[in-house]
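Report on one structure; see the data block that follows.
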Amino acid sequence: MAESTQPLHKETFPVTGMTCASCASSVETILSYTEGVKSAQVNFASNTVLVEYEDQVTPEDLNNALTAIGYGLIIETKNAEEAAEEAKSQHYEEVKKQTMGAAILTLPIFIIGMFFMHWEPGKWISLALSIPVLFVFGRHFYVSAWKQARNGHVNMDTLVALSTGIAFIFSLFNTLFPEFWISRGIEPHVYYEAATVIITFISFGKMLEEKAKSSTSSALKNLMGLQPKTLKVIKDGQEKEIQISEVQKGDEIIVRPGEKIPVDGKVISGESFVDESMISGEPIAIEKLENDAVFAGTINQKGSFHFTAEKVGSETLLSQIIKRVQEAQGSKAPVQKLVDKIASIFVPTVIGISILTFAVWMIAGGEDAFTHALLTSVAVLVIACPCALGLATPTAIMVGIGKGAENNILIKDAESLELAHKIDSIILDKTGTITAGKPSVSDLNWEPEQFRNQFSPILLAIESKSEHPLADAVSRKLKEENVKPEAISSFESLTGAGVQAQNEADEKFYVGNAKLIESKNILLSEEIKTLAETWRNEAKTVIFFANEKQVLATLAITDEIKSSSRSAITDLKQRGIEVYMLTGDNQQTAAAVAQQVGVTDFKAEVMPSDKSDFVKELQAHGKIVAMVGDGINDSEALAQADVSIAMGHGSDIAMDVAKMTIISSDLSVIPKALNLSSQTVRGIKENLFWAFIYNLIGIPIAAGVLYPINGFLLDPMIAGAAMAFSSVSVVLNSLRLKGKHI
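Numbering (the working numbering), first residue to last: 560 to 1301.
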């Protein structure tokens, strides 16, 4: 296409009608060549397409281009996500019904074919049951094969449709006209069980695939759920509840304790602590005072405040995160499964061999030329049936996924399991990944020690009343020591510094930072200052507890590093993997944590978009990148990474976006995941090797190469049994993975 100076629109549309990776490729090709479209990138996993198009093109034009070849776009502007979710859910239910229906009818056909093959009425029962299996429950295979053929493509559906269709037609002929073969001294076998079993097996595989795909959009649903549907505004001096879609810039909005902040803005009155972990990943809530910025989707804790709306709708930071997650998921071109790649060569080759076999026998077959030509060409198609090839990948993957679950590794996506062993760069979030993600008191130094019993009860009483997020950590620590709170007569929060309180004897006490202590003219000794500085260099937050005369205790609060983090990072580095740490925390804390766990490459004070940009930067240098995180703020980077891993104790959104979840949140499990990937891929390759060896030997025999030597012709019935044996051998090879140590 010629370069255009027109403004471009970039939009993600849900796609309907895609059943395989080849369909995704067709959709991408058609849209890319539509006039006015700059680019189109299909994400088969989420059934969406990211289209960049010019002003003169409308979504209706894009939909019309796809409708012509049997696909479509959901272009509703208001409820596109809901409509896409509904379409996806309906498609999964449809595939499920097709699979169950095929399985129920195939069972009696299989029993008759295997154990009552000479029972004459059995042929007619099998015929009656086969028709709905193939042409009702399995209809989509033939429709897909026809779509591909019209566009000059072939895939596994082509071979499924051909092998089952010809097996059925051949069996139908033998049921209706058995004397044709009997007069030639050949027993007229039927292959209804082969045709229906193939349809059922492949349908079951597609059902599992659709189930996995149906859950991929839940991350975006949960992100959207972070924004409340209604909010309270001040209009004409009155408090009024309105829909989120009605809010406008400049509106004065009220946020009460426990509520989600609806849009981005600036505080104009009141104060509170806000949980901004979705942006920074840090577990400690941020104090919000007048003129401080607040962001949509973050959670207000204990205070109330009013703020002015500055960014609404698609402009908010939350909306930008949602958009970037969508684009990151859609930016990766659909990965053609290994089997589909093989099919592009294998399917036309088998069809060609079958036609060639028929032609050679018609020319050189003598008086029984047609009989031999028909039997051998059908035998070639039956013996080359895609069951062994089709099972090679999913059986190894299923065993690998099961093995992973036994080792605290939940795997949602086969592609990530296949790719994990190739990782050469891994990015670790700090909070909740390397560290525990929960502030706790690491040090409590009393001045002197005998003050512990005397003043612990008053410290607990003060911290129990405090709204500061660090106060919870102190309260937990003292309760673990079985301290009982003392009664206090007054309590006051000192903005930006700490709190002060009085006991019933009218003694004043203070809990807060160094600034508070110094403002009350309480002396900080050189010994205390040195201790505090040491703790700060260890990435700890320091607070002081004092009365009007002196400092009574110095406390250090930290997010503890998990015991296994350092050894896991060492293991990854020994494998030649580059390890990076990204965090929203400050430079001093990041440097201290990085040093303790042995990470030399780290970045501090990063936003969610910075993390995904860093992933892109590594990918641009040809790296296979894994992202490990646990928070909403990691979701963009997780969606962008080649392999995404979530910590099991993290946010639901991180686990929805990620393709792997470490249930135990233990970094030492990641090297096990890489070993599992390596073993699974080896199993897939072994399966494909055996499937190909079988076809390499079986197809020529089915074609009749042994006939001139010893008069042997492979009966299609034996070809069907050989096909079944090849499938069993692939399954048994996959099961070997169960006994391997990772």
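Even for Gly, the Cβ is constructed at its ideal location relative to N, Cα and C.
None of the values given here were measured: they were computed from a predicted structure.
Distance, residue j Cα to residue i Cα
i	j	result
Arg-1035	Gln-1059	20 Å
Met-1206	Leu-969	10 Å
Ser-1031	Ser-762	Position check: residue 1031 holds Asp in this sequence, whereas Ser was assumed. Cα to Cα, the separation comes out at about 54 Å.
Pro-1061	Glu-1051	The sequence given here has Gln at residue 1061, not Pro. Straight-line Cα distance between these residues: approximately 9 Å.
Arg-1295	Lys-1244	14 Å
Phe-1302	Val-1110	Here the chain has residues from 560 to 1301 only, and residue 1302 is not among them.
Ala-951	Leu-877	42 Å
Ser-1293	Gly-1242	6 Å
Ser-774	Gly-1257	Because the pLDDT of Ser-774 is 48, which lies under 50, any placement of that residue in the model is unreliable, and the number read from its coordinates should be weighed accordingly. C-alpha separation (whole angstroms): 40 Å.
Asp-1160	Ser-1194	21 Å
Val-1187	Thr-1142	12 Å
Leu-1235	Ala-1127	16 Å
Tyr-651	Met-766	7 Å
For residue i, three-class secondary structure by DSSP
i	result
Trp-1249	helix
Gln-592	The sequence shown places Tyr at residue 592, not Gln. It is coil, neither helix nor strand.
Val-756	helix
Thr-1117	strand
Pro-893	Low per-residue confidence applies at Pro-893: pLDDT is 35, beneath 50, and the placement is therefore not dependable, though the value from the model is reported in the following sentence. Reduced to three states, the DSSP call for Pro-893 is coil.
Tyr-750	coil
Ile-1047	strand
Leu-1053	strand
Gly-587	This sequence places Glu at residue 587; Gly is not what is there. Residue state, collapsed to three classes: helix.
Trp-1005	strand
Glu-1063	coil
Ser-774	With a pLDDT of 48 at Ser-774, under the threshold of 50, the predicted position of this residue should be treated as unreliable, though the coordinate-derived value follows. Correct three-state label for Ser-774: coil.
Lys-1299	coil
Phe-970	Sequence inspection shows Ile at residue 970; the Phe mentioned does not correspond to that position. Ile-970: strand per DSSP, three-state reduction.
Asp-1193	helix
Asn-1012	helix
Thr-994	strand
Gly-713	The sequence given here places Val at residue 713; Gly does not occur at that position. Coil at Val-713, not helix or strand.
Asp-1130	helix
Span of the beta strand (DSSP E) around residue i
i	result
His-980	It is not in any beta strand (DSSP E) - His-980 carries neither H nor E in the DSSP assignment.
Phe-1104	1100 to 1106
His-568	567 to 575
Asp-1160	1160 to 1162
Ala-1185	1184 to 1188
Lys-799	797 to 802
Phe-1068	1067 to 1071
Ile-1087	Counting along the chain, Ile-1087 falls outside any beta strand (DSSP E), though it belongs to the alpha helix (DSSP H) covering 1085 to 1096.
Lys-847	845 to 847
Tyr-612	607 to 613
Residues of its chain near residue i, where Cβ-Cβ distance is below 8 Å and the 5 sequence neighbours each way are ignored
i	result
Ile-982	Ile-1136, Ile-1183, Val-1184, Ala-1185, Asp-1201, Val-1202 and Leu-1233
Met-921	Ala-928, Phe-929 and Ala-932
Ile-758	Ala-661, Thr-665, Val-692, Leu-693, Phe-696, Gly-697, Phe-700, Val-719 and Thr-723
Arg-1125	Gln-1155, Val-1156 and Gly-1157
Cut-off 6 Å between Cβ atoms - residues of its own chain near residue i, not counting five sequence neighbours on either side
i	result
Lys-682	Thr-734 and Val-749
Glu-846	Phe-832
Ser-598	Glu-611
Glu-1063	Ala-1046 and Ser-1048
Ala-1196	Lys-1170, Ser-1171, Val-1174 and Met-1186
Opposing strand residues paired with residue i [DSSP bridges]
i	result
Ser-999	Thr-1117
Ser-828	His-865
Met-1140	Leu-987 and Phe-1161
Gln-1204	Note on identity: in this sequence residue 1204 is Ile, with Gln being the wrong assignment. According to DSSP, Ile-1204 bridges with Val-1187 and Met-1219.
Val-1302	Since the first and last residues shown for the chain are 560 and 1301, residue 1302 lies out of range.
Thr-789	Gln-802
Ala-852	Lys-825
Same chain, Cβ closer than 7 Å to residue i, five either side skipped, listed in chain order
i	result
Glu-849	Val-826, Ile-827 and Ser-828
Tyr-1266	Leu-1272
Met-577	Ala-583, Val-586, Phe-603, Asn-606 and Tyr-630
Gln-1009	none
Phe-669	Glu-752 and Val-756
Lys-1175	Gln-1199
N-terminal and C-terminal residue of the alpha helix (DSSP H) that residue i is part of
i	result
Ile-812	Ile-812 -> not in any alpha helix (DSSP H); beta strand (DSSP E) instead, spanning 811 to 814.
Lys-1036	1028 to 1039
Val-1152	1146 to 1156
Leu-693	Run containing Leu-693: none; DSSP gives neither H nor E here.
Glu-619	618 to 626
Val-1174	1167 to 1179
Gln-807	Where Gln-807 is concerned, there is no enclosing alpha helix (DSSP H), given that its DSSP letter is neither H nor E.
Gln-860	Run containing Gln-860: none; DSSP gives neither H nor E here.
Glu-738	738 to 741
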